[in-house]
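2 protein chains.
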Amino acid sequence: MIPDRATVEKIEYQLRKIAFLLRRQGRRILTRFDLTPPQFDALQFLIYHDGLTMGELTQRLYLASSTVTDLIQRMEKGELVKRVRDPRDRRVVRLYVQPRAHEVLEAVLEERRRFLARVLGELSPEVVGMLEASLEKLHDQMGAALEKEEERQP
Amino acid sequence: MIPDRATVEKIEYQLRKIAFLLRRQGRRILTRFDLTPPQFDALQFLIYHDGLTMGELTQRLYLASSTVTDLIQRMEKGELVKRVRDPRDRRVVRLYVQPRAHEVLEAVLEERRRFLARVLGELSPEVVGMLEASLEKLHDQMGAALEKEEERQP
Numbered sequence: 001m002i003p004d005r006a007t008v009e010k011i012e013y014q015l016r017k018i019a020f021l022l023r024r025q026g027r028r029i030l031t032r033f034d035l036t037p038p039q040f041d042a043l044q045f046l047i048y049h050d051g052l053t054m055g056e057l058t059q060r061l062y063l064a065s066s067t068v069t070d071l072i073q074r075m076e077k078g079e080l081v082k083r084v085r086d087p088r089d090r091r092v093v094r095l096y097v098q099p100r101a102h103e104v105l106e107a108v109l110e111e112r113r114r115f116l117a118r119v120l121g122e123l124s125p126e127v128v129g130m131l132e133a134s135l136e137k138l139h140d141q142m143g144a145a146l147e148k149e150e151e152r153q154p
Numbered sequence: 155m156i157p158d159r160a161t162v163e164k165i166e167y168q169l170r171k172i173a174f175l176l177r178r179q180g181r182r183i184l185t186r187f188d189l190t191p192p193q194f195d196a197l198q199f200l201i202y203h204d205g206l207t208m209g210e211l212t213q214r215l216y217l218a219s220s221t222v223t224d225l226i227q228r229m230e231k232g233e234l235v236k237r238v239r240d241p242r243d244r245r246v247v248r249l250y251v252q253p254r255a256h257e258v259l260e261a262v263l264e265e266r267r268r269f270l271a272r273v274l275g276e277l278s279p280e281v282v283g284m285l286e287a288s289l290e291k292l293h294d295q296m297g298a299a300l301e302k303e304e305e306r307q308p
């Protein structure tokens with residue numbers, strides 16, 4: 001059953017604002033590691049898909065190819081990733097994360113958990129319980145719906 | 155009362171994944187409007203803060219100044235923003251959104267609501283009710299906590 005429009009609008013708005021605040025808070029943390037938000041997006045992609053080619057990363061991030069080249073150069077200087085020519089096809093450059101990438105991701109997430117713990121601590125246990133019970137269901141359903149859309153029109 | 159670590163980790167994980175999926179879905183929509191995600195971030199900032207200077211936007215987005223210059227040039231070509239020299243101080247360039255910016259934002263949000271309506275339609279009314287009741291409280295509390303942090307160490 002599709003909920004009424006006011007409910008959809010309200011939940012869309014709240015999710016957008018929460019994502020926006022988390023990004024804003026994240027940006028503050030990232031500056032400590034001398035990272036920009038697109039670099040952090042790229043870092044997360046690469047951690048989950050190690051060995052991605054430059055072309056694949058560009059496609060995944062929906063950014064201009066020159067932007068991604070620039071971004072990866074800076075990340076290589078920061079010892080987060082390494083560019084390696086594919087031995088089977090020398091035209092292909094693959095990206096591999098360095099140990100420091102995992103350290104940075106963990107530090108950023110830990111800082112985020114600390115922030116969230118403080119926020120949740122101000123809410124009633126009942127509200128925290130509702131979040132715990134409903135966000136997982138929303139996430140699962142959203143993942144399934146997005147996969148269906150991407151199958152239909154990739 | 156601070157919730158236990160497992161609860162914090164779980165809620166942090168779910169929120170991060172939901173934000174990630176919404177961004178992934180958003181990117182698919184943005185390509186239709188020939189926009190990249192950082193351009194869309196900038197667009198949202200400018201709609202809410204019309205007349206921002208280039209310097210202020212760069213600071214808000216935590217991006218390199220050259221990246222923002224490039225991004226704004228493309229958005230000017232796409233008739234989303236206009237660069238105007240401040241008549242009181244000719245060294246300052248201010249950014250003003252064009253009518254097309256509002257059209258694009260509305261179209262992107264409408265597409266997102268359509269997607270979310272489909273997702274929520276697959277959940278039980280009880281879960282939708284929990285989301286409606288808890289997300290607003292989380293958002294309010296998060297905004298307050300972030301403001302406090304930014305006051306302490308801007």
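These protein sequence lines are chains R and C, in that order. For the first sequence, the working numbering begins at 1 and goes up steadily by one. For the second sequence, the working numbering begins at 155 and goes up steadily by one. Just so you know, even glycine gets a beta-carbon here, dropped at the ideal spot from N, CA and C.
Residues are counted here when their Cβ sits less than 7 Å from a Cβ of chain C; for the stretch 139-152 of chain R these are 139, 141, 142, 143, 145 and 146, given in chain order.
When DSSP assignments are scanned along the stretch 45-90 of chain R, the uninterrupted stretches of beta strand (DSSP E) that are 3 or more residues long and fall wholly within it turn out to be 81-86.
For residue 250/C, no Cβ of chain R is located within less than 8 Å of the residue's own Cβ. Per the DSSP secondary-structure output, residue 250/C pairs in a beta bridge with 236/C.
Taking 8 Å as the threshold, the shortest C-beta distance from residue 255/C to chain R does not fall below it.
Taking a beta-carbon distance threshold of 8 Å, residue 166/C counts as an interface residue toward chain R.
Remark: C-beta atoms of residue 11/R and residue 274/C approach each other more closely than 8 Å. Across the set 135/R, 147/R and 115/R, the C-alpha of 115/R shows the shortest separation from the C-alpha of residue 295/C. Interface annotation, residue 241/C: not in contact with chain R, CB-CB separation never under 8 Å.
For residue 20/R, the uninterrupted alpha helix (DSSP H) segment begins and ends at 5-32. Interface annotation, residue 8/R: in contact with chain C, CB-CB separation under 8 Å. About 6 Å separates the beta carbons of residue 63/R and residue 190/C, which is inside the 8 Å limit, making them a contact pair. Within chain C, 288 and 291 have C-beta atoms less than 7 Å from the C-beta of residue 127/R, given in sequence order. The count of Cβ pairs closer than 8 Å, one atom from the stretch 48-57 of chain R and one from the stretch 87-107 of chain R, reaches three, so the stretches are in contact. Going by DSSP, residue 288/C is part of the alpha helix (DSSP H) stretching over 279-306. Contact of residue 81/R with chain C is not assigned, every C-beta pair being separated by 8 Å or more. A Cβ-Cβ distance of about 11 Å is found for the pair residue 100/R and residue 76/R, leaving them out of contact under the 8 Å criterion. Spatial neighbours of residue 71/R in its own chain (CB-CB distance under 7 Å, excluding positions within 5 residues in sequence) are listed in chain order as 38, 39 and 42. Of the residues 149/R, 128/R, 106/R and 130/R, the one whose Cα lies closest to the Cα of residue 44/R is 106/R. Within chain C, the residues 169, 170, 173 and 296 have their CB atoms less than 8 Å from the CB of residue 22/R, given in chain order.
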